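Worksheet: the structure to be examined is printed underneath.
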Amino acid sequence: MTKLRKRVATVTLSAAAVAMAAGGFAGLAPLSADAEVTEIAPIAKYEFKDATNFGKDSMGNYDMSYGTHWVNGGIGPLLNNGSAIEGGGVEFSVEMKDNDTAKGFCLAQSQNNNLFNDVTAFTLAFELRVDGVGSGTWSHLIGVGNGTNGFAVTCSGGDVRLGIAGTDLSMRDWPGAILFNVDENFHKVILSFQPGGNVTAWVDGKLSTNEDKLPVEIAADWTAVDAMSTFSIGGAFNGNSVYESAGAIKNVVFYDFAMDADCAAAYNTNGKVTPADVDGMTTITGLSVTDESFGENDPTKVALYSGMSSADMLAQMNEANATVTLSDKTTATAPVTWTSVTETDGTYYANGTVDTTKVGYANVYGNSVSYALEVAEIEGISEPKFSGEVTKGELRDNMTEEEMLALINTATVTVTLPGDTTQDVTVTFSRIEGNMGVYTAYADVVLNGATVGTVSVVVEVTETNEGDMQELLPVARYEFEDAENPGKDSMGNYNLGPVAKAGGDLGDPYGTGTIEDGVLYLSGNDILACTSMNDVGDNLGNGFTLNFQYRQDGELNDLQGWNTPIGFGYNEWIPTKRLTFQVANGAYDLRVGAHDGVADDGNNNTFWGPTVVADGRDKMYNVTLSVRPGETFNVYVDGALAYTHECPEGWNVTDSNMAFAIGGVCIWGNGYNRFKGWIDNVSIYNFAVSLEQSNAYWEKGKLTVGDMDGEIITSIASTPKFENDEVTNGNLTDRLSDTQAIRRVNPATVDAVFENEETIALNVTWQRLEQDSDGKWYIVGVVDPSDIGYATLLTTAQEVRQEVTVERVARAVSVASGVKNGSVTADKQEAYLGDTVTFTVTPDEGYEIDTVTVNGETLTAGADGKYTYTVEGIEDIEVSATFKAASSQGGGEGNPEGGCNGGCNGSLWGSLGAGSAVIVAAAVISILFIRRKKDNKHE
Amino acid sequence: MKQATKKWLKVAGAIGMTAVLAIPMAACGPMAPDDDAPYAPPEEWHEDVVDNITMFCNDWEQFNNAASVRSPVYKELVKAAGTELKARSTGLETYYTQLDLMRVNQQLPEMFIIEGPTNPELYRGLIRDGEIIPITYYVNEENKDDYPYLYEYLQQFSYMKTNLTYAKNEIWFVPVKWSNDKSLYVRRDWIRNLNNKIDEILVADGVVSSASEITDDLRAEYRFSEEGPADLGEFYRLARAFTLYDPDGNKQNDTYGYVTEENRDMDSWLHVAYDSPWKMWVAGEDGTYHNTATSDGSMLATSLLNKMIAEGYMSQEVGIKTVGQKQDDFATGKAGMMYAHNWYNVIGANMMSANVASSIPDARDKILICDPPAGINGKYGGQGDVYYYRGWCIREGMSVERLQACLNLMEFLHSPEGIELVTYGVYGEHWEWVNDEVGGERVTLCEPDGQGFVQELRWTDYAAFASYLTYTPPEAKALLTNGDILVERDAATAETMIVSDYPDLYTDSMIRYQAGAYDYFDETVLTMITNSSLTANWEFDAKTWKTDWKEKMYSVSDAMRTAWNDFVSQYMDIYYGSIMEQEYNEAVQSGNMVKVGKMPE
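Those protein sequences? They're chains A and B, same order as listed. If you use our numbering, the first sequence closes out at 1157, no skipped numbers anywhere. If you use our numbering, the second sequence closes out at 612, no skipped numbers anywhere.
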């Protein structure tokens, strides 16, 4: 089945929405200025501090890049011949042997991001040193040169000049205006352009008036935007670079207004502009957005309703031009960019920024504006109503989400608007979420093109349990459906029972909780646990997954120090082995604790392990613990990774002191750390899962073949591979117990094959030494698929056999001591497995044979009156016989000597059985003495 | 640490508490009007089938797990008893409450465990009220051939027939024989570290004024023995060095010499070294018995502990620290010495868990376990008083067949086969002969635990919890990991065990007052140990210590002497010490009591 929509995404979105509604943007007050402006920022600033990126604009607006040298009919070399100056700045030079080997420097803006498209008035400031004329008869240092519009600072001969298109200071027709002469020094230059006013230049703080050529007037429509050229440094740039120059430059800065003399002087001194510096200039002193700002449009494209998301509301905002208030009481307009919608005290605000760069005046106000929106309250949205069936056909869990959605009919919901007017809306279900096998379809309620709410319907989905949807069964599943048996394991493997309060005394146990609506409630005095002899924790050595849902019931202060909703326990008060989830007294956060540094506080204290749930009181949390020894120990909570750590090889929770428990911990058979709250849907799988698989479990309440993405074992080989290719490490004989034999066989593995055709080696558990009917000996083992640490549909243990050489060893044949009133002889002193030993049993005169036994097994005489025994097992052969007085002697009770070789009356003999002949004999003798002594006492 | 370890710790603590509570409770009841009445057995009766017998003991519920899977050891036990076996269990904290309820409801199980004569009120009551059988009435000289091993075993305790005035000349339970199993643990690696910087220590202690004066002979003279402290003087010097000279080499002042615990008899070895066994009746030169609670030896031991605490050479939490915390202090590298049970593997496992040792061989190398140091008269060893820990009673009034099953089981468990069974397990399942040479060396077939330790058999086959029923010799641990050390220590500690001349002798006044008087002793000593105003005023001088410790460590401050005299006066008068002493000596002098002495192995 396809993965349905990830629940985690929904949760995250909801959480964000809650944060916004709670005032996450409340700090942005409506219709107010920015915080106090302390410096008027430039719109571009080139500091040349990064030698790898000299074209970087520190303001992030107009980065420049290297140009290439112009050559006739092609593209010349990249002009990147600049080197950094300590403290910021770039030094550039020209090596011009010929046009093909130019090594100049040229940084240029792009026509697609041309600063002059965004401004009217502006100021350009820089510090410049010129090292000569450069590559030709004249050279370009900074500006927009060689076109019909623009301006440029150039060098010719020993002069550095400013040329401005459209003025007498023609750039093409020299002479322009001299700014300074070439020398070894940096010169601070400020150029102020005010269309409809003047171009003013200050050099080293002094107004430049060279031959009265400056200041010079420029027309109101004057612009530096040139169709051919862009702003460049080091060379003129019109697609390629020409007139490369030599020199150095620092602190190139653009402002979106034209400085006056005071402002220029302040900048020249301080290197920045403050509101005080522009006091004498016209400045921007206010911004506002009113209904008129939207022109002929309404503020929003559609009516807004409170159920709409902020993003939806923002998307409905129309364009607006804010009113810009100037210090000279005049106004201008500037465009608004809407950036967010927020809610404060029940009022929704559209928030935006105003681009004032083209206004041409220094902005001492700021750029933020807000506009109060009209948002109508939705009075209600009805449940979805279907005209017929909810679905067009059967939904099956092997369908994709899209396939399921296609089968769900549209429905009608009634939206109640302000004033109790209603409007029916047809809704189409667009997503399905699963939660522990309960599937819910969701549809957005769209009114006037905007989503005003969401409705849902629970849909029935048929479990197919075939193919990819075949369920991988857990080893234990606690569903809490049987109120009479709260610890019932639906898998029938590990039923949970009551837990002793102390001393392992189940005569006085804790309670077992109560079940309500399929959920287990633990009162703080309830625990359920596995028995120590059948503890699921003892059979998970190769990895496992524990899924559970829990919710804490308020404060836990009235309980003992720690409260454990679920866990496998710990082995000692100072644990060396542990795996539990726990909440500290008076706290709400769920922690996980595990030994060997897997989950502790960093100082081996596993009680204060990492927090995986911050506050477990508000809802049922879905927690998945996934352990794969040798790899990872992961905890997923509500579909997200909450904790991960490396898990050592061989890590496990097997310990005779520990038992898996719900509602507390169970150690030494006693309960501790009781929990108060709800528990549901506990499952334990004998393999680890990924986050995606955990989510799949959470969605469906089960795991399926398809969830494993090919990581499922489909077959296990039967041919063992032995450690170091040696089968045995000791001599095998036919007198060994299985335990002895398997100790003498080396560890071995067999290959298991995954569905995705990868393989893995699994350990063989050797079980016994056996001889086949063909006389050959085999060491026999199994690989039990119930504990291999990987998912599999295999349910039968794979038998593994290896032929081995076994030495024959003789068993001694002997007659038991104490045989009375007859004799026994054997035909051989020693015998081998399978041999037949023949016994001759001869009673003394007056006696007859009662029983003949070999190693406790009663023999029957053959036709020849002899007894035979075929050697089996590993023990020596001891034959014993009892004789009774021959019936012709009168059949007395007991023998004349006071012993009792058989036939003594009394139930004691019968109750003890033939296998305890020697002991029974002793017992009967003892009873006789007891009786005798008691009789004496009575006397 | 396995469950048994922890639980037996709890057992030890709770026994003391039970004893304390039992005395005043019992004092309110009838005082055995028929102590002298001869034993009168009930009428015999029979039953056709004995399905099972139940044995009640604390903390051994795992035995039933073995029954449920019919483990190899369990099957052998059933074969011996001729019937199924069930364990009934509870925590020690509630054991005697449960037992009392069973008595009241007349539902005693077939067999149950008690302390026996060391809890005289309960033992006396069970006898007086006819609730248990006299074992020796059924296992005696006349039928010793039927119960040869049980008979022989009980012979060791025949003194109980006469030394217990209420015993009607019988033994009423089967004692579980026990001997002292505690040793001194020492961080051997720390000793080596100290010896590696002996020059520095000699200068610091003022033995020489500079390192240039140190000769090899001097180094040899002052080196700390890697065999541990042989006498009290070396013990003090080593504890001091463990505290002052950074034995773990971590450049921090975070170690101390000796750690003890709330269970005060864990310092009994010190009393033994001072020629005054812990809470025991000991004859003076004139043959008169005195209780060592008031002896000068106890005062000297108290004074030394006080001195070491005052100087920081010993843990200050004496009286608070649990046995687990004590072990942790040692295993985690805070303390250099402790006196503890011979749980070498437990300590080693703890050190490995705390990353103080990296492996079993490494732990072996770092831990020295040895006899405690001797006093000036060469006395050393552990405390015993009696040669048993607890014992099993058999309920009175059962059918002949049921009684027989109980006795059969006990006989088997005291036979070589039974001891072998609970010690080593079943051949081929739990052990085998090395190289299949029968009668040669045994080797375990039990799997080691996760840390690599082969633990006691009961953790492989829970039916081996039946070892609670009987005595297992020191070699029972031979097949465990570190078995050589365990066996050697168990044998050595048993050898040095101190036992009363007249074990289990309780006069009427002792039954009434002894526990209360001992409580007073415990509380007083604990207060004295931590009272800095009582600290002895002698000073350690490294240059003269080899000789003058015998004088210094045998002296106390005037304040201590005064306080001790006050305590003795109170003990003898207010806590009936004089009356108990008088009665005890009268009983000894009566000639009716059997002097036991050293028990044969």
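Even for Gly, the Cβ is constructed at its ideal location relative to N, Cα and C. Computed from a predicted model, the values in this text were never measured in an experiment.
Closer than 8 Å between beta carbons: that is the criterion. Which residues of the region 318-348 of chain B meet it against chain A?
Gly335, Asp339
Cβ-based burial, A:Glu592 [other Cβ within 10 Å; buried from 16]:
For the purposes of this step, residue 592 of chain A is taken as the residue at position 374 of the first sequence. Burial call: exposed.
Would A:Ile796 pass as an interface residue toward chain B - the criterion being a Cβ-Cβ separation below 8 Å?
Working through the first sequence from its first residue, we reach residue 796 of chain A at position 578. Before going further, note that residue 796 of chain A is Arg rather than Ile in the sequence given. With 8 Å as the cut-off, A:Arg796 does not count as an interface residue toward chain B.
Just to confirm the assignment: which complete beta strand (DSSP E) runs, minimum length 3, are found wholly within the region 497-563 of chain A?
501-506, 539-544, 549-562
Output needed for B:Ile371: all residues of its chain with C-beta closer than 8 Å, excluding positions within five of it in sequence on either side, in chain order.
As a first step, residue 371 of chain B must be located in the second sequence, where it is residue number 360. Contacts found: Gly359, Met363, Gln462, Gly463, Phe464, Thr492, Asn493.
A:Lys935 by DSSP, collapsed to three states: which one?
For the purposes of this step, residue 935 of chain A is taken as the residue at position 717 of the first sequence. Sequence inspection shows Ala at residue 935 of chain A; the Lys mentioned does not correspond to that position. DSSP places A:Ala935 in coil when its eight states are reduced to three.
Per the contact definition of three or more C-beta pairs closer than 8 Å, is the region 372-391 of chain B in contact with the region 191-202 of chain B?
yes
List the residues of chain A whose Cβ lies closer than 8 Å to the Cβ of B:Gln73, in chain order.
The residue labelled residue 73 of chain B in the question sits at position 62 within the second sequence. What B:Gln73 touches in chain A: Ser750, Ser874.
By the criterion of Cβ-Cβ separation under 9 Å, what are the contact partners of A:Ile1092 in chain B?
If you number the first sequence from 1, residue 1092 of chain A lands on position 874. Gly439, listed in chain order.
On the DSSP bridge list, what partners appear for A:Asp642?
Your numbering for residue 642 of chain A matches position 424 in the first sequence. Bridge partners of A:Asp642: A:Thr632.
Suppose you measure from the CA of A:Ile436 to the CA of A:Val559; what does that come to, to the nearest Å?
Locating residue 436 of chain A in the first sequence gives position 218, where the first residue counts as 1. Locating residue 559 of chain A in the first sequence gives position 341, where the first residue counts as 1. When rounded, the distance between both Cα atoms is 43 Å.
A:Ala1098 CB to nearest chain B CB: under 8 Å?
As a first step, residue 1098 of chain A must be located in the first sequence, where it is residue number 880. In the sequence under discussion, the amino acid at residue 1098 of chain A is Ser, which differs from the Ala named in the question. A:Ser1098 does not count as touching chain B.
Three-state secondary structure assigned by DSSP to B:Ile7:
Chain B is shown only over 12 to 612; residue 7 of chain B falls outside these bounds and no answer can be derived.
Does the count of Cβ pairs from the region 929-943 of chain A and the region 1009-1027 of chain A closer than 8 Å reach three?
yes
Taking A:Gly671 as the reference, give the member of A:Ser528, A:Gly715, A:Asn569, A:Asp723 with the closest Cα.
Taking the first residue of the first sequence as 1, we reach residue 671 of chain A at position 453. Nearest of A:Ser528, A:Gly715, A:Asn569, A:Asp723 to A:Gly671, Cα basis: A:Ser528.
Collapsed DSSP secondary structure at A:Ala802 in the structure displayed:
Working through the first sequence from its first residue, we reach residue 802 of chain A at position 584. Correct three-state label for A:Ala802: strand.
Going along chain A in order, which residues have a C-beta closer than 9 Å to the C-beta of B:Leu456?
As a position in the second sequence, residue 456 of chain B is number 445, starting the count at 1. Within 9 Å Cβ-Cβ: Ser955, Thr957, Gln958, Arg961.
Put A:Leu325 into one of helix, strand or coil per three-state DSSP.
Here residue 325 of chain A refers to the residue found at position 107 of the first sequence. In this structure, A:Leu325 counts as strand in the three-state DSSP scheme.
Enumerate in chain order the residues of its own chain whose CB-to-CB distance from B:Met604 is below 7 Å, with the five nearest sequence positions on each side excluded.
Taking the first residue of the second sequence as 1, we reach residue 604 of chain B at position 593. Closer than 7 Å at Cβ, skipping near neighbours: Thr173, Asn174, Tyr513, Leu516, Ala598.
Counting along the chain, where does the beta strand (DSSP E) carrying B:Thr65 start and finish?
For this step, residue 65 of chain B is matched to residue 54 along the second sequence. B:Thr65 -> beta strand (DSSP E) spans 63-69.
Where do the N-terminal and C-terminal ends of the beta strand (DSSP E) with B:His352 fall, by residue?
Here residue 352 of chain B is taken as the residue at index 341 of the second sequence, counted from 1. Counting along the chain, the beta strand (DSSP E) containing B:His352 begins and ends at 346-352.
Assign A:Trp604 to one of two classes, buried (16 or more other C-beta atoms within 10 Å of its C-beta) or exposed (fewer than that).
Position 386 of the first sequence, counted from the first residue, corresponds to residue 604 of chain A. According to the sequence shown, residue 604 of chain A is Phe rather than Trp. A:Phe604 should be labelled exposed.
So B:Ser589 is in the alpha helix (DSSP H); what residue range does that whole segment cover?
For the purposes of this step, residue 589 of chain B is taken as residue 578 along the second sequence, with counting starting at 1. Taken as a continuous stretch (DSSP letters only), the alpha helix (DSSP H) holding B:Ser589 covers 588-600.
Closer than 8 Å by beta-carbon distance: list the chain B residues that pair up with A:Thr951, in chain order.
Position 733 of the first sequence holds residue 951 of chain A. Per Cβ cutoff of 8 Å: Asp447.
Three CB pairs or more closer than 8 Å across the region 1033-1044 of chain A and the region 1078-1097 of chain A
yes
Hey, out of B:Asn76, B:Thr108, B:Thr105, whose CA is closest to B:Leu96's CA?
Here residue 96 of chain B corresponds to residue number 85 of the second sequence, with the count starting at 1. Checking every option, the nearest Cα to that of B:Leu96 belongs to B:Asn76.
Helix, strand or coil for A:His1156? Go by DSSP, reduced to three states.
On the first sequence, position 938 is the one that residue 1156 of chain A refers to. Annotation note: pLDDT 31 at A:His1156 (below 50); position unreliable, coordinate value reported separately. In the structure shown, A:His1156 sits in a helix (DSSP, three-state: H, G or I).
For B:Lys179, the nearest candidate out of B:Ala51, B:Tyr300, B:Leu418, B:Thr94 (CA to CA):
On the second sequence, position 168 is the one that residue 179 of chain B refers to. Checked all of B:Ala51, B:Tyr300, B:Leu418, B:Thr94; the closest Cα to B:Lys179 is B:Ala51.
Cβ of A:Gly715 within 8 Å of any chain B Cβ:
Taking the first sequence and counting its residues from 1, the one referred to as residue 715 of chain A is at position 497. No, because no Cβ of chain B sits closer than 8 Å to the Cβ of A:Gly715.
In chain order, what residues of the same chain lie with their CB nearer than 7 Å to the CB of A:Ala860, ignoring the 5 residues before and after it?
Reading the first sequence from its first residue, position 642 is the one you call residue 860 of chain A. Hits under 7 Å: Val830, Val853, Tyr854.
Complete runs of the alpha helix (DSSP H) confined to the region 138-166 of chain B [at least 4 residues]
146-149, 159-166
How about A:Gly759: is its C-beta nearer than 8 Å to some C-beta of chain B?
Here residue 759 of chain A corresponds to residue number 541 of the first sequence, with the count starting at 1. It does not; no Cβ of chain B falls within 8 Å.
Short-range partners of chain A found in the region 459-470 of chain B, where Cβ spacing is below 8 Å:
Gly461, Trp470
Does chain A have any CB closer than 8 Å to the CB of B:Ser79?
In the second sequence, counting from the first residue as 1, residue 79 of chain B sits at position 68. So yes, B:Ser79 belongs to the interface.
Please classify B:Ala528 as buried or exposed, where buried requires at least 16 other C-beta atoms within 10 Å of its C-beta.
Mapped onto the second sequence, residue 528 of chain B falls at position 517. Burial call: buried.
Helix, strand or coil: how does DSSP classify B:Asp257 here?
Position 246 of the second sequence, counting from 1, holds the residue named residue 257 of chain B. Coil at B:Asp257, not helix or strand.
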